[in-house]
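Notes for the one structure printed next.
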Amino acid sequence: MLGVHPGVLVVLVLLISAFISPVLDQFKFKRFSIFAIGVSGIVFALSIITILRVNSLGVEYYHFGGWTPDKGIEFIFGELEALMLLLVSGMFFVVYIYNQKKIRAEISKHLRGWYFTLAFMLQASLSGLILTNDLFNMFVFIEISALTTVALISINENRDTVFASIKYLFLTAVGSSSVLFSIGLIYLLTGYLNMDLAGMELIELAGMYPAASSMAMLFMFFGLAMKSALFPLHIWLPDAYYSAPTISTAIMAGIVGKAYIVVFIKVFYKVLSINFFEQTNLANITVIMAGIAIIFGSLFAIGQTKIKRMLAYSSVAQIGYIFLGIALATESGLTGGILHIINHSIIKTLLFLTVGVIIIYTGAENIIDFQGAGRKYPFTMILFSLSALAMVGIPPLNGFMSKWTIAMGTLEAEKPLYLVIIILSSLLNGVYYLPIIIQSFFGGDEELGYNWEFKRLGFKIILPLITLAALILLIGIFPSYPINYINRIVFSLIS
Amino acid sequence: MIDIVVHPNIYYFASIVLFLIGFYILLTHPNLIKKVIGLNVMDSAIFFFFVAVGFVSDGGSPIVEAGSEALTVNPVPSGLMLTGIVVSVSVTAFALAIIIKVYQHYGTINVEEIYVVRSEREC
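Protein chains in written order, with my numbering: chain A, 1 to 495; chain Z, 1 to 123.
Structure representation (structure tokens):
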């Protein structure tokens, strides 16, 4: 197609649409939901083409403006990038379909054109973040996604959102500055901004300049851990997830953090790997931090009274699982970590979308209000229960497969303590998810019969929910296909 | 005349000190505007650092003519920092805009007082 790789078009189409939507708004354009579905559908199709092309042609590079990689910006289309691009564009597609009239009512009318500007720019920056192979370009995409995320939180202006967004803005800005400082140190040492070239130089230079390269790694670690909310740096997350409108929360919980984790994998396995795994003890410290995140995220979640806050703390625990898998750096651990990125993205999006239906249609924000919700909204609550069980890790759902693989990784790394932590955390997950399920179906007024809500919700809300639920079941029952694919990624990363 | 000889790494050292000062302000001051100032100090430290990375002593401006072998400074880090400054300005502008909204909703820009207001409302 014009000699341009379809993956590059993803970012281009999204950026152009981002700037078209406020113009359309000026001309009293009403059908933004259809516009958004159309654009994200095109992008989804382009990402499918990308992954098919990677499967048949192998790793490809795209050089912007024809500059050589030591000078210009480079996009890489490898297996990890194609898979994550598919995840991001698929999730956005699903969320846009869900974004129907009643749901949109959370956002005031005159802002809807601008809302899609922000959402498209966020998607463009996340796609770019995943695809880029250039450190400074990565920083620019990180900043775009940070600013658009803050704007998506604060789009409904009220006391909670302004506070959550200023908190997130400061913490994320510290994270970006640390990443930029680290990029400066890497450039000072190697003279390259390209990840592959800088990584190759650093293999030798890390031994010659251990202090400078370790400092680069430390700043990079701090910045990316702040942005992906690894446990002690998660403090922005519950406020942000709680106060944002449902769709923003679904996007943030399902996708935004994951893109930073992909960057984490790329940087720490390709550029700073020697420092991270051999020279310093940071990989082991990350494992410990992840273990603490898994336990404390679950413990904090038990104490919450608001459902969205509880899901947010549950996210903190699940991010701990992902980091545990990544930092173990064994074959199964990394496979499980990458699989858990995908699984957590699907499960958490479904959880927030189903909870969003209940919150918007009944106004129930507290966990207590969910009593009897299973009778009024049985279909929604069945899907909520399915995803909650997947999050706990009940076989044959997809959460079980990734937790199992990470658990195998802990044994490969000879750290059986973390196996205990994983099992303990699954029990804790059960402690806060199961009462909601039981209360919603069997609590409350027992006289009420089941009242199916298909007509009230409409086809366009039901379709994305069923799609995500089907994915949970499919990945859980047939895990071999994604695991084989991820094994190829892991093989290229570890060797 | 006394020639003051500076160690070539003094710029890196100075920028790291400046970075830490900015970080300290950001962490410890409860006033949101001062936090923005701290953030800007941090960002400026990084800009100094990058420019120092590209600096070559006795180097001229990087306009290379064919055949000339004059020593020039590395233009890439300075060029990158133009982008960095733009990013920093937009973050600052956005932060200040949100701080105005915080003031409208809470009547204060002191973080500790905001926490008091929030906890009072929940009770």
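By construction, the Cβ of each residue, glycine as well, lies at the ideal position given by its N, Cα and C atoms.
Among the options, the one whose alpha carbon lies nearest that of residue i
i, options, result
"A/F441", "A/I368, A/F276, A/G336, A/A259", "A/I368"
"Z/F13", "Z/D43, Z/F48, Z/I4", "Z/F48"
"A/E412", "A/E143, A/A469, A/A329", "A/A329"
"Z/V116", "A/L85, A/F136, A/F163, A/A124", "A/F163"
"Z/S15", "Z/V5, Z/I46, Z/F23, Z/Y24", "Z/I46"
"A/G41", "A/M289, A/G399, A/V88, A/L57", "A/V88"
"A/F221", "A/Y269, A/V150, A/R31", "A/Y269"
"A/N156", "Z/E113, Z/H105, Z/V111", "Z/H105"
"A/M91", "A/I20, A/T50, A/N343, A/G184", "A/N343"
"Z/S78", "Z/L18, Z/L32, Z/S44", "Z/S44"
"A/T246", "A/S21, A/G72, A/Y98, A/E201", "A/Y98"
"Z/T83", "A/F136, A/Q371, A/G337, A/L169", "A/F136"
"A/E143", "A/L126, A/L131, A/N133", "A/L126"
"A/M381", "A/G399, A/Y361, A/N398", "A/Y361"
"A/G333", "A/A290, A/N429, A/I49", "A/A290"
"A/Y61", "A/R53, A/N55, A/F75", "A/F75"
"A/I186", "A/E79, A/R159, A/V267", "A/V267"
"A/K415", "A/E106, A/A327, A/D239, A/L188", "A/A327"
"A/L118", "A/L147, A/N281, A/K109, A/F27", "A/L147"
"A/E331", "A/S402, A/V263, A/F379, A/G356", "A/S402"
"A/R375", "A/L237, A/E453, A/I203", "A/E453"
Cβ-Cβ distance between residue i and residue j below 8 Å
i, j, result
"A/I294", "A/L324", "yes"
"A/G7", "A/F77", "yes"
"A/I302", "A/V431", "yes"
"A/M252", "A/A244", "yes"
"A/A407", "A/I394", "no"
"A/P464", "A/V94", "yes"
"A/A229", "A/V316", "yes"
"A/V150", "A/S165", "yes"
"A/Y96", "A/A18", "no"
"Z/G38", "Z/L26", "yes"
"A/L14", "A/F116", "no"
"A/Y241", "A/K308", "yes"
"A/F370", "A/I265", "no"
"A/V10", "A/L46", "yes"
"A/V174", "A/M217", "no"
Coarse secondary structure for residue i, derived from DSSP in three states
i, result
"A/P63", "Reading the sequence as shown, one finds His at residue 63 of chain A and not Pro. DSSP places A/H63 in strand when its eight states are reduced to three."
"A/M1", "The pLDDT assigned to A/M1 is 45, lower than 50, so where the model puts this residue is not dependable; a value taken from the coordinates is nonetheless given after this. Reduced to three states, the DSSP call for A/M1 is coil."
"A/F77", "strand"
"A/D239", "helix"
"Z/G131", "Absent from the model: residue 131 of chain Z. The displayed extent of chain Z is 1 to 123, so no value can be given."
"Z/G60", "strand"
"A/K306", "strand"
"Z/N40", "helix"
"A/D25", "helix"
"Z/D3", "coil"
"A/N284", "helix"
"Z/N9", "coil"
"A/T330", "coil"
"Z/T108", "coil"
"A/D160", "helix"
"A/N451", "coil"
Cβ-heavy atom distance, residue i to the ligand NAP, below 7 Å
i, result
"Z/H7", "Absent from the structure shown: the ligand NAP. Ligands present: none."
Per-residue contacts from residue i into chain A (C-beta, under 8 Å)
i, result
"Z/G59", "Going along chain A, no residue has its Cβ under 8 Å from Z/G59, so there is no contact; the nearest lies around 15 Å."
"Z/V102", "V162, F163, I166"
"Z/I114", "F163"
Residue i: contacting residues in chain A (beta-carbon distance under 9 Å)
i, result
"Z/V53", "G184, L185, Y187, L188"
"Z/A14", "Within 9 Å Cβ-Cβ: nothing; Z/A14 doesn't reach chain A, min ~14 Å."
"Z/Y106", "R159, V162, F163"
"Z/F26", "Sequence check: residue 26 of chain Z is Leu here, not Phe. Under the 9 Å cutoff, chain A gives F170, A173, V174."
Under 9 Å from the C-beta of residue i: neighbouring residues of chain Z
i, result
"A/S177", "F19, G22, F23, L39, M42, D43, A45, I46, S88"
Chain Z contact residues for residue i, given Cβ-Cβ distances below 7 Å
i, result
"A/L180", "I46, G84"
"A/A173", "L39, V91"
Per-residue contacts from residue i into chain Z (C-beta, under 8 Å)
i, result
"A/V150", "F94, I98"
"A/S154", "I98, K101"
"A/V140", "T83, V87"
Supposed close pair residue i, residue j - CB separation, criterion 8 Å
i, j, result
"A/L85", "A/L12", "At roughly 14 Å, the Cβ-Cβ gap does not stay under 8 Å, so A/L85 and A/L12 are not in contact."
"A/N275", "A/S214", "5 Å"
"A/L171", "A/L122", "With 8 Å as the limit, A/L171 and A/L122 do not qualify as a contact, their Cβ atoms being about 18 Å apart."
"A/F139", "A/S176", "7 Å"
"A/A250", "A/G356", "7 Å"
Under 8 Å by beta carbon: chain B residues contacting residue i
i, result
"Z/K35", "Structure shown: chain B not included; protein chains present are A and Z."
Chain-ordered neighbours of residue i on chain A, where CB pairs are closer than 7 Å
i, result
"Z/L80", "F136"
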